[in-house]
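Peer 1: What follows is a structure written as structure tokens; I'll ask about it next.
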Amino acid sequence: MIDHGHSQQEIAERINAPPGRGVLRDVVYGGIDGSVTTFAIVAGVAGAGLSPFIIVALGLANVLADGFSMAAGNYSGTKAELDNIRRIRVTEERHIRLYPDGERREVREILAQKGLTGRILEEATDAITANHDNWINLMVEGEYGLGSVDPHPLKAAIATFLAFLFAGLVPLLPFLFSVENAFVVSACMTMCVFFAIGAFKSRWSLSPWWRSGLETFAIGGVAALVAFFVGSLFHP
Numbered sequence: 001m002i003d004h005g006h007s008q009q010e011i012a013e014r015i016n017a018p019p020g021r022g023v024l025r026d027v028v029y030g031g032i033d034g035s036v037t038t039f040a041i042v043a044g045v046a047g048a049g050l051s052p053f054i055i056v057a058l059g060l061a062n063v064l065a066d067g068f069s070m071a072a073g074n075y076s077g078t079k080a081e082l083d084n085i086r087r088i089r090v091t092e093e094r095h096i097r098l099y100p101d102g103e104r105r106e107v108r109e110i111l112a113q114k115g116l117t118g119r120i121l122e123e124a125t126d127a128i129t130a131n132h133d134n135w136i137n138l139m140v141e142g143e144y145g146l147g148s149v150d151p152h153p154l155k156a157a158i159a160t161f162l163a164f165l166f167a168g169l170v171p172l173l174p175f176l177f178s179v180e181n182a183f184v185v186s187a188c189m190t191m192c193v194f195f196a197i198g199a200f201k202s203r204w205s206l207s208p209w210w211r212s213g214l215e216t217f218a219i220g221g222v223a224a225l226v227a228f229f230v231g232s233l234f235h236p
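Per the UniProt record's numbering, residue 1 is the first one in the sequence shown, and the count goes up by one each step.
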């Protein structure tokens with residue numbers, strides 16, 4: 001659990017520059033998918049009894065192509081989210097210009113639901129609606145449930161690609177270096193990556209690190225078993 005200071009200066013700095021959601025979701029998403037999809041290829045090809053060269057070729061193709069595809073998809077999705085926030089802000093600006101009394105009543109209702117009543121409610125409504133930006137920000141948060149910090153499409157895409165790349169390369173390393181019993185070593189290394197990703201994300205949750213690690217370990221393990229089983233059906 002992360003603590004922070006509560007001096008007046010620390011509070012002002014933190015509130016005036018909120019970090020937003022960050023790239024945690026993108027890193028975890030890219031890392032898990034990179035490990036799962038690459039090891040699925042390794043397990044499937046190994047189950048079919050094909051050569052290590054084919055495993056490396058297909059694995060590298062997956063890491064680069066699928067990693068780029070995921071990054072591009074995350075960029076487009078995050079940009080669509082950002083475009084939607086901008087559209088909502090423009091809509092609220094138009095509503096405030098055309099229907100100021102109705103929008104003011106909406107502000108009053110939002111503040112009332114936060115527990116304000118009586119004279120304090122009226123004064124808070126006056127204060128919010130006196131500032132155009134504060135008015136819109138409150139409407140975006142209170143009416144649409146959206147945060148005040150805009151997402152960053154490029155940052156999300158880069159985080160996804162790098163996490164996919166590094167985690168996706170792990171299952172291929174034993175084959176790249178011609179390690180004895182490469183598939184067994186690859187499986188062990190990949191399971192360690194699954195567990196490590198889960199333990200890492202527990203830093204931002206209330207779950208203990210071992211439980212979060214085992215959860216991700218189980219998800220990746222099931223995917224690997226399915227891939228190996230399908231590949232074994234084509235074993236000559």
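Heads up, the beta-carbon is just placed ideally off N, CA and C, and yes, glycines get one too. What you are looking at is a predicted structure, and each value in this text was computed from that prediction instead of being measured.
My output table needs one value for H132: the three-state DSSP class, helix, strand or coil.
Peer 2: The sequence position of residue 132 within the sequence shown is 132, counting from 1. H132: helix per DSSP, three-state reduction.
Peer 1: Return helix, strand or coil for G49, following the three-state DSSP convention.
Peer 2: Counting from 1 along the sequence shown, the entry for residue 49 is found at position 49. Coil, per DSSP.
Peer 1: Using a 10 Å radius around the Cβ and a threshold of 16 neighbouring Cβ atoms, would you call T37 buried or exposed?
Peer 2: Working through the sequence shown from its first residue, we reach residue 37 at position 37. Buried, because 16 or more other Cβ atoms sit within 10 Å of the Cβ of T37.
Peer 1: At which residues does the alpha helix (DSSP H) containing A112 begin and terminate?
Peer 2: Residue mapping note: residue 112 aligns to position 112 of the sequence shown, counting from 1. First-last of the alpha helix (DSSP H) with A112: 100-113.
Peer 1: Quick one: grab the DSSP three-state call for G168.
Peer 2: Here residue 168 corresponds to residue number 168 of the sequence shown, with the count starting at 1. Helix.
Peer 1: Grab me the residues of I41's own chain with a C-beta within less than 7 Å of its C-beta, minus the 5 sequence neighbours each way, in chain order.
Peer 2: In the sequence shown, the residue the question calls residue 41 occupies position 41. If we look at I41 and ignore the five residues flanking it on each side, its Cβ neighbours are L58, G59, N62.
Peer 1: With 16 as the cutoff for other CB atoms within 10 Å, does G49 come out buried or exposed?
Peer 2: Along the sequence shown, read from residue 1 onward, the residue named residue 49 stands at position 49. G49 should be labelled exposed.
Peer 1: Just verifying my parser: in three-state terms, what is the DSSP assignment at E215?
Peer 2: For the purposes of this step, residue 215 is identified with residue 215 of the sequence shown, where counting begins at 1. Helix.
Peer 1: Does the count of Cβ pairs from the region 94-110 and the region 168-184 closer than 8 Å reach three?
Peer 2: Touching, no, given that fewer than three Cβ pairs across the two stretches are closer than 8 Å.
Peer 1: Decide if K114 is buried, meaning its Cβ has at least 16 other Cβ atoms within 10 Å, or exposed.
Peer 2: As a first step, residue 114 is located in the sequence shown; it is residue number 114 there, counting from the start. That one is exposed.
Peer 1: Is E180 helix, strand or coil by DSSP?
Peer 2: Taking the sequence shown and counting its residues from 1, the one referred to as residue 180 is at position 180. Coil.
Peer 1: Do you know how far the Cα of Y144 is from the Cα of H152?
Peer 2: For the purposes of this step, residue 152 is identified with residue 152 of the sequence shown, where counting begins at 1. For the purposes of this step, residue 144 is identified with residue 144 of the sequence shown, where counting begins at 1. Each residue's Cα considered, the two are about 19 Å apart.
Peer 1: Look at A223 and G30 and say whether their C-beta atoms are less than 8 Å apart.
Peer 2: Start at 1 with the first residue of the sequence shown, and residue 223 comes out as number 223. Start at 1 with the first residue of the sequence shown, and residue 30 comes out as number 30. Cβ distance not < 8 Å, so A223 and G30 don't count as in contact.
Peer 1: Which value, in whole angstroms, describes the spacing of the CA atoms of R86 and F177?
Peer 2: Sequence index remark: in the sequence shown, residue 86 carries index 86 (1-based). Sequence index remark: in the sequence shown, residue 177 carries index 177 (1-based). Taking the straight line from one Cα to the other gives about 50 Å.
Peer 1: Going by the CB atoms, is the gap between T190 and G213 shorter than 8 Å?
Peer 2: Along the sequence shown, one-based indexing puts residue 213 at 213. Along the sequence shown, one-based indexing puts residue 190 at 190. No.
Peer 1: In or out: N74 buried (at least 16 other Cβ within 10 Å) or exposed?
Peer 2: Translated into positions along the sequence shown, residue 74 becomes position 74. Classification of N74: buried, given that the 10 Å Cβ count is 16 or more.
Peer 1: Can you give me the Cβ contacts of G198 inside the same chain, cut-off strictly under 6 Å, excluding the 5 residues immediately before and after it?
Peer 2: Taking the first residue of the sequence shown as 1, we reach residue 198 at position 198. Once the five neighbours on either side are set aside, the close Cβ partners of G198 are S212, G213, E215, T216.
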